[in-house]
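Here is the structure:
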């Protein structure tokens, strides 16, 4: 699995847009990019996944440049409840269909301030 | 959506005793489940892969005789921490890939183990 690099932590005020960038210089052709969110004392939760360009769902947007060596998770108008750790994962079997475990990096600890 | 449950959500035990943690897929079958461990302020670390009908596969450095895994059915995997020590205190999380081609794995809510 491609190694990922994220900022250790970020702070934001409520109502702001938060962008968390993940570097994955060694991403392979078949790799997808997936982001998970983890609240304290809970299991991770899937947020969004993409392969290229832009993906948007009701929770977030994922921007992936043409070279795919990085990706940016965008959280619009964050609230206090968005305080969590966000993990960027890169791999070719993140769907789990091949029964491959997920490998988590250190993640980014987002703190939203009132 | 698919749900994975864990029981208990938290447990306190004395050193030297054994503790069993259950992981269940509530509305889907999982031939494979994964067990992770997470220490405070750290990321999830994969411990082992639980396979229904066969032996579990352990990651390097994880003692298979200490962390017994049994995939009893297509909806249940158990992790037993044997002869627990205070350093085994951690947050244990299981996950299971859904059978359909969705873009995620489902994680349980985790079990907080404290060994006194």
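Residue numbers (the working numbering), protein chains in the order written: chain C, 1434 to 1547; chain A, 284 to 399.
Glycine included, each C-beta is placed from N, C-alpha and C at the ideal position.
Handout entry: Nearest neighbour of residue 1494/C, chosen from 1502/C, 1547/C and 1511/C [CA to CA]
Key = 1511/C
Exercise for the section: Pick helix, strand or coil for residue 310/A, following the three-state DSSP scheme. Expected result: coil
Handout entry: Cβ of residue 1539/C within 8 Å of any chain A Cβ
Key = yes
Exercise for the section: Indicate whether at least one CB of chain A lies closer than 8 Å to the CB of residue 1529/C. Expected result: Its pLDDT being 47, under 50, residue 1529/C is placed unreliably by the model, and the measurement read from it follows with that caveat. Chain A, which has a Cβ nearer than 8 Å to the Cβ of residue 1529/C, makes this yes.
Exercise for the section: Give the residues of chain A in contact with residue 1524/C, contact being defined as C-beta atoms less than 9 Å apart. Expected result: Near residue 1524/C there are no residues of chain A at all, since even the closest Cβ is about 11 Å away, more than 9 Å.
Problem - Own chain, CB closer than 7 Å to residue 1516/C, minus 5 neighbours either side, in chain order - result: 1543, 1544 and 1545
Practice task
Note down the Cα distance separating residue 1529/C from residue 378/A, rounded to an integer number of angstroms.
Solution key: Below a pLDDT of 50, predicted positions are generally treated as unreliable, and residue 1529/C, at 47, falls in that range; no measurement from the model is reported.
Practice task
Could you run through the segment 343 to 375 of chain A and flag, in chain order, every residue whose CB is less than 8 Å away from some CB of chain C?
Solution key: 374
Exercise for the section: Using alpha carbons as the reference points, say which of 1520/C, 1508/C, 1538/C and 1522/C lies closest to residue 1448/C. Expected result: 1508/C
Practice task
Kindly provide the ranges of any alpha helix (DSSP H) runs that are 4 or more residues long and lie completely inside the segment 333 to 397 of chain A, ordered along the chain.
Solution key: none
Exercise for the section: Check the Cβ of residue 397/A against every Cβ in chain C and list those closer than 7 Å, keeping chain order. Expected result: Ordered by position in chain C, no residue passes the 7 Å Cβ test against residue 397/A, which lies about 12 Å from the chain.
Exercise for the section: Have a look at the DSSP bridge pairing and note the partners of residue 401/A. Expected result: One cannot answer for residue 401/A here, as it falls past the ends of chain A, which runs 284 to 399.
Handout entry: alpha helix (DSSP H) runs wholly inside the segment 1477 to 1512 of chain C, at least 4 long, in chain order
Key = none
Handout entry: Residues in the segment 315 to 341 of chain A having any Cβ partner in chain C nearer than 7 Å
Key = 315, 317, 326, 327, 329 and 332
Practice task
Taking residue 1474/C as the query, report the chain A residues whose CB atoms sit under 8 Å from its CB, ordered along the chain.
Solution key: 374, 393 and 395
Exercise for the section: Determine, using beta carbons only, whether residue 390/A comes closer than 8 Å to chain C. Expected result: yes
Handout entry: Sequence-distant residues of the same chain with beta carbon closer than 8 Å to residue 390/A, five excluded per side
Key = 287, 376, 377 and 378
Exercise for the section: Decide if residue 373/A is buried, meaning its Cβ has at least 16 other Cβ atoms within 10 Å, or exposed. Expected result: buried
Handout entry: Continuous beta strand (DSSP E) stretch holding residue 298/A: start and end
Key = Element bounds for residue 298/A: n/a, residue is neither H nor E.
Exercise for the section: Measure the CB-CB distance between residue 1453/C and residue 1473/C and report whether it falls below 8 Å. Expected result: no
Exercise for the section: Flag this pair as touching only if the segment 1460 to 1468 of chain C and the segment 289 to 303 of chain A have three or more C-beta atom pairs under 8 Å; answer yes or no. Expected result: no
Handout entry: Helix, strand or coil at residue 1444/C [DSSP, three-state]
Key = strand
Practice task
Would you please state the rounded distance, in angstroms, between the beta carbons of residue 295/A and residue 399/A? I believe it to be under 8 Å.
Solution key: 6 Å
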